[in-house]
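In full-length UniProt numbering, the protein residues as written are 1 to 114. Below is one structure, written out as structure tokens, with a few remarks after it.
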């Protein structure tokens, strides 16, 4: 049986199982910023977590993107298109949800290979 590594406290931010990495919902640090700021900050957190597990953007398998409002879809896509490796696009879905904090505009959940 493969070992499961849990990285982070109280609901792991990252779980490593075999050659797969599961990154829990990442949000911005600056919740007063607009969608561009919040999406960039959340994706920067994903970068750091991928690096901790010796993975990277080219190994992202799937991403679930949550927006507070679908009116931010185009602006979020501009940030996503800058961030993702265009030669290795993951499976992706995006939807609008009620966020845990009303100032949150964006959250991302990622599964990646190691």
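Cβ atoms here follow ideal geometry from the backbone N, Cα and C, with glycine treated the same way. Since this is a predicted model, take the numbers as computed values, not measurements.
A distance below 6 Å between beta-carbons, with the five flanking residues on each side excluded, links residue 103 to the following residues of its chain, in chain order: 31.
In this chain, the alpha helix (DSSP H) harbouring residue 74 covers 73-83. When only Cα atoms are considered, residue 93 and residue 21 end up about 18 Å apart.
In the structure shown, residue 43 adopts helical secondary structure according to DSSP, grouped into three states. Annotated three-state conformation of residue 86 is coil, per DSSP.
Boundaries of the beta strand (DSSP E) harbouring residue 92: 91-96, taken from the DSSP string. Judged by DSSP secondary structure, residue 62 falls within the beta strand (DSSP E) whose first and last residues are 60-67. DSSP, read as helix, strand or coil, puts residue 112 in strand.
Boundaries of the beta strand (DSSP E) harbouring residue 20: 20-26, taken from the DSSP string.
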